[in-house]
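Q: Residues 19 to 218, numbered by our numbering, are exactly what the sequence shown covers, in order. Every residue gets a Cβ at the ideal spot worked out from N, C-alpha and C, and that includes glycine.
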Amino acid sequence: MSAYIQDVPGFFSGLMVVLFGIIGGFGQLDQAWKIWTKDDKSVSLIWTMTFTVMFAGFIVQGLATKDYVMQFQGIIRCMLYVPIIAGMGISGYRMRKSEALLYLVLGSVLLMMILHDEWRSVLFQALGYTGVAMTCHQPYLIFRNKKRGSVSIGMITTYNLSVICWMVYALWFGNMSLFFLFAAFCAVYTATMILWVKYP
19 MSAYIQDVPG FFSGLMVVLF GIIGGFGQLD QAWKIWTKDD KSVSLIWTMT FTVMFAGFIV
79 QGLATKDYVM QFQGIIRCML YVPIIAGMGI SGYRMRKSEA LLYLVLGSVL LMMILHDEWR
139 SVLFQALGYT GVAMTCHQPY LIFRNKKRGS VSIGMITTYN LSVICWMVYA LWFGNMSLFF
199 LFAAFCAVYT ATMILWVKYP
């Protein structure tokens, strides 16, 4: 009984990650709706494509480590990026050669995670920090253009709440590499929210 009680915080933090994964899904749908209905090409294509690959990495890592929370997060996020990417394609977003090269590299990293189990954890971590770096492109676009455009504050906010839950989850299970990864995401999302409010 005591072992169960001790695991309650870990179970609760995992439940919150799943819950905010679902709530974050509504944020993604809101972003997709904004792109499909009134887009002004203000959403970062680099961030969107990188996150699609990164969340596919969540599925691979989750399957390998039998982490069902990670699997769930990866599956739901990847599914809900489909209407966002489709909307960007229809709205006229264009991929530059340098961006195409980046996606090729990220896809190769994902393939290496699948084929080489001994490299998987390191490559997953590298994919995560690449995601942090590419996330910075969205606040940069808002700051450069001095407008928020069609960026969904709902998506940014739910993503930020989700990564805070991930931080608690990682901290409880002693996964400090995962904790610092999500702490970095939290910092970028918070900066994006501030800029979103500043530039209407």
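Tell me the DSSP secondary structure of residue 169 in three-state form.
A: As a working mapping, residue 169 is identified with position 151 in the sequence shown. Residue 169 falls in the coil class under three-state DSSP.
Q: Going by DSSP in three states, residue 185 sits in which element: helix, strand or coil?
A: Your numbering for residue 185 matches position 167 in the sequence shown. Here residue 185 sits in helix by DSSP.
Q: Where are the alpha helix (DSSP H) runs, 4 residues long or more, that stay fully inside the region 58-141, in chain order?
A: Correct list: 63-83, 86-109, 115-133.
Q: Comparing alpha-carbon positions, which option in 75, 176, 115 lies nearest residue 135?
A: Walking along the sequence shown from the start, residue 135 turns up at place 117. Of the candidates 75, 176, 115, the one whose C-alpha sits nearest the C-alpha of residue 135 is 75.
Q: Assuming residue 99 and residue 69 form a contact by the criterion Cβ under 8 Å, report the distance between their Cβ atoms to the nearest whole angstrom.
A: Here residue 99 refers to the residue found at position 81 when the sequence shown is read from its first residue. Here residue 69 refers to the residue found at position 51 when the sequence shown is read from its first residue. About 7 Å separates the two Cβ atoms, so the contact holds.
Q: Within 10 angstroms of the Cβ of residue 19, are there 16 or more other Cβ atoms? Answer buried if so, exposed if not.
A: Within the sequence shown, the letter at position 1 stands for residue 19. Any answer about residue 19 is weak, because its pLDDT of 36 lies below 50 and its placement is not dependable; what the coordinates show is given next. Burial call: exposed.
Q: Go through its chain and collect everything with a Cβ distance to residue 166's Cβ below 6 Å, but skip five positions before and after it.
A: The residue you call residue 166 lines up with position 148 of the sequence shown. So the list reads 160, 214, 217, once near-sequence residues are dropped.
Q: By alpha-carbon positions, which one of 102, 72, 78, 44 ends up nearest to residue 59?
A: On the sequence shown, position 41 is the one that residue 59 refers to. Selected option, being the one with the closest Cα: 102.
Q: Which word fits residue 65, buried or exposed, when buried means at least 16 other C-beta atoms lie within 10 angstroms of its C-beta?
A: Position 47 of the sequence shown, counted from the start, is the residue given in the question as residue 65. Buried is the call here.
Q: Of the choices 133, 145, 110, whose alpha-carbon is the least far from that of residue 121?
A: As a working note, residue 121 is residue 103 in the sequence shown. The shortest Cα separation from residue 121 among 133, 145, 110 belongs to 145.
Q: Give the single residue among 164, 171, 156, 73 whose Cα lies nearest to the Cα of residue 127.
A: Counting from one through the sequence shown, the residue named residue 127 turns up at place 109. Of the listed residues, the one whose Cα sits closest to residue 127 is 73.
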